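Participant:
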Amino acid sequence: MLIPSAAVGALIGKGGEAMRNLKSESGCRLQMSKNQEVYPGTNERICLVKGRIASVLKVADAILEKIREKVDSSIPTDMYDHKGIERKNEMKLVVPNTSAGMVIGKSGARIKEIREQTGANIQVYPKAGSPEAKVSQERIITIAAEQDDVLMDALQRVLEKVAADPQHAITPALEHKDDSLGAGGGLLHGLGGSMQSQPIQPFDFTNRGQNMSHDGHAAQHRAQSKTKCETPPHGDKREMKERCRVPDGADE
Numbered sequence: 001m002l003i004p005s006a007a008v009g010a011l012i013g014k015g016g017e018a019m020r021n022l023k024s025e026s027g028c029r030l031q032m033s034k035n036q037e038v039y040p041g042t043n044e045r046i047c048l049v050k051g052r053i054a055s056v057l058k059v060a061d062a063i064l065e066k067i068r069e070k071v072d073s074s075i076p077t078d079m080y081d082h083k084g085i086e087r088k089n090e091m092k093l094v095v096p097n098t099s100a101g102m103v104i105g106k107s108g109a110r111i112k113e114i115r116e117q118t119g120a121n122i123q124v125y126p127k128a129g130s131p132e133a134k135v136s137q138e139r140i141i142t143i144a145a146e147q148d149d150v151l152m153d154a155l156q157r158v159l160e161k162v163a164a165d166p167q168h169a170i171t172p173a174l175e176h177k178d179d180s181l182g183a184g185g186g187l188l189h190g191l192g193g194s195m196q197s198q199p200i201q202p203f204d205f206t207n208r209g210q211n212m213s214h215d216g217h218a219a220q221h222r223a224q225s226k227t228k229c230e231t232p233p234h235g236d237k238r239e240m241k242e243r244c245r246v247p248d249g250a251d252e
């Protein structure tokens, strides 16, 4: 989810207390991008949210509350905002390109259905068929409505489509140990990447395969080196015991 920088401090709280409480109450895993790491083309930071849909909706409600408390209606809009709609009435999701396709549906049928069923305004950026959309690995889904119940209803329907993406289950490992970050688990997550500064690892899913390959080889090496057994030429059990040992420095 994208969060205006003005609302981030209130969401994290002093010493990360508010974020920890939200993580505990919702059961979600939460992680905020660093101070100067905003999504390109915006002044908004990325909050990675992972949890069951009902739990993610609780987090979204808390985020909206902080946006309404801290974000002035006069702040400049960006390319992902709906025209004529205040930021306090919007939710912006960063999702993988394949997940956006699940929301849009064939010839836009699914997104049209959600709009008609809820009355919310829903847009996906970059626009389908644009040069940017063809090369982008992720899309922004902006959901807007003046009534809270309409906004949350539309958000739930969008999240259900995102969660139905079979490629969506691949989740990068969370590596930051900051106290303001959660450590839960769940079924649904949001991803954001292409940071203007050095990308932070949880949102950089382009090198995931390489990282997994490295970790896999390392684990295999540890497993192979944990115990070394040499078979004596005549199968003597006492000699076998002497020759089967744990190398120095290995975990027992």
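Numbering (full-length UniProt numbering), first residue to last: 1 to 252. All C-beta atoms in this analysis are idealised placements derived from N, C-alpha and C, irrespective of residue type, glycine included. All values reported here derive from a predicted model rather than from experimental measurement.
#1: Where does residue 49 sit, in a helix, a strand or coil, going by DSSP?
#2: To the nearest angstrom, report how far apart residue 99 and residue 74 are at their CA atoms.
#3: Considering only the alpha carbon of each residue, which of 39, 62, 30 and 35 lies closest to residue 50?
#4: In three-state terms, what does DSSP make of residue 95?
#5: Among the candidates 131, 154, 36 and 25, whose CA atom is the shortest distance from the CA of residue 9?
#6: Got a sec? Which residues, its chain only, sit under 6 Å from residue 121 by beta carbon, not counting five neighbours each side?
#7: Taking C-beta to C-beta, are residue 159 and residue 46 nearer than 8 Å?
#8: Comparing alpha-carbon positions, which option in 141, 166 and 19 lies nearest residue 157?
#9: Checking 8 Å against the spacing of the C-beta atoms, do residue 152 and residue 22 come in under that value?
#10: Is residue 4 helix, strand or coil when you go by DSSP?
#11: Sort out for me which residues DSSP pairs residue 142 with in a bridge.
#12: By DSSP, does residue 135 sit in helix, in strand, or in coil?
#13: Could you tell me if residue 44 is buried or exposed, where buried requires 16 or more neighbouring beta carbons within 10 angstroms of its beta carbon?
#14: Regarding residue 123 and the ligand SAH, is the C-beta to nearest heavy atom distance less than 7 Å?
#15: Give me the DSSP bridge partner(s) of residue 32.
#16: Would residue 7 pass as a contact of residue 92 if the rule is Cβ separation under 8 Å?
#17: Check residue 71 in the structure and name its three-state DSSP category.
#18: Give the single residue among 147, 84 and 163 whose Cα lies nearest to the Cα of residue 97.
#19: Can you give me the Cβ contacts of residue 102 inside the same chain, cut-off strictly under 7 Å, excluding the 5 residues immediately before and after it?
#20: Do residue 111 and residue 119 have their CB atoms nearer than 8 Å?
#21: Looking at the unbroken alpha helix (DSSP H) that takes in residue 79, where does it start and where does it end?
#22: Starting from the C-beta of residue 225, find all residues in its chain whose C-beta is less than 6 Å away, skip the five residues before and the five after it, and write them out in chain order.
#23: In terms of residue numbering, what span does the alpha helix (DSSP H) encompassing residue 158 cover?
#24: Compute the Euclidean distance between the alpha carbons of residue 223 and residue 167, then round it to the nearest angstrom.
Facilitator: The structure says:
#1: By one-based count along the sequence shown, residue 49 stands at place 49. In this structure, residue 49 counts as strand in the three-state DSSP scheme.
#2: Within the sequence shown, numbered from 1, the residue matching residue 99 stands at position 99. Within the sequence shown, numbered from 1, the residue matching residue 74 stands at position 74. Rounded to whole angstroms, residue 99 to residue 74 spans 32 Å at the Cα level.
#3: Mapped onto the sequence shown, residue 50 falls at position 50. In this structure, 30 is the residue among 39, 62, 30 and 35 with its C-alpha nearest to the C-alpha of residue 50.
#4: In the sequence shown, counting from the first residue as 1, residue 95 sits at position 95. The three-state secondary structure of residue 95, taken from DSSP, is strand.
#5: Here residue 9 refers to the residue found at position 9 when the sequence shown is read from its first residue. Closest in alpha carbon position to residue 9, among 131, 154, 36 and 25, is 36.
#6: Along the sequence shown, one-based indexing puts residue 121 at 121. 82 and 144.
#7: Working through the sequence shown from its first residue, we reach residue 159 at position 159. Working through the sequence shown from its first residue, we reach residue 46 at position 46. No.
#8: On the sequence shown, residue 157 is found 157 positions in, with the first residue counted as 1. Comparing Cα-Cα distances from residue 157 to each of 141, 166 and 19, the minimum goes to 141.
#9: By one-based count along the sequence shown, residue 152 stands at place 152. By one-based count along the sequence shown, residue 22 stands at place 22. The answer is no: Cβ separation not under 8 Å.
#10: Within the sequence shown, residue 4 is the residue found at index 4, counting from 1. Residue 4 falls in the strand class under three-state DSSP.
#11: Locating residue 142 in the sequence shown gives position 142, where the first residue counts as 1. Residue 142 pairs with 92 and 123.
#12: Position 135 of the sequence shown, counted from the start, is the residue given in the question as residue 135. The answer is helix: DSSP assigns residue 135 an H, G or I state.
#13: Working through the sequence shown from its first residue, we reach residue 44 at position 44. That one is buried.
#14: No copy of the ligand SAH appears in this structure; indeed no ligand is present at all.
#15: Taking the first residue of the sequence shown as position 1, residue 32 is located at position 32. Answer is 47, bridged to residue 32.
#16: Walking along the sequence shown from the start, residue 7 turns up at place 7. Walking along the sequence shown from the start, residue 92 turns up at place 92. It is not a contact, given that the beta carbons lie outside the stated cut-off.
#17: Numbered from 1 along the sequence shown, position 71 holds the residue referred to as residue 71. Coil.
#18: Taking the sequence shown and counting its residues from 1, the one referred to as residue 97 is at position 97. Selected option, being the one with the closest Cα: 163.
#19: Indexing the sequence shown from 1 puts residue 102 at position 102. The residues are 161, 162, 164 and 165.
#20: Sequence index remark: in the sequence shown, residue 111 carries index 111 (1-based). Sequence index remark: in the sequence shown, residue 119 carries index 119 (1-based). Contact flag unset, no.
#21: By one-based count along the sequence shown, residue 79 stands at place 79. Premise fails: residue 79 is in no alpha helix (DSSP H) and is neither H nor E.
#22: As a first step, residue 225 is located in the sequence shown; it is residue number 225 there, counting from the start. Low per-residue confidence applies at residue 225: pLDDT is 40, beneath 50, and the placement is therefore not dependable enough to give any value.
#23: Within the sequence shown, numbered from 1, the residue matching residue 158 stands at position 158. Residues 148-163.
#24: Mapped onto the sequence shown, residue 223 falls at position 223. Mapped onto the sequence shown, residue 167 falls at position 167. Note that residue 223 scores a pLDDT of 41, beneath 50, so its modelled location is shaky; the value from the coordinates is reported in the next line. Taking the straight line joining both Cα atoms gives about 30 Å.
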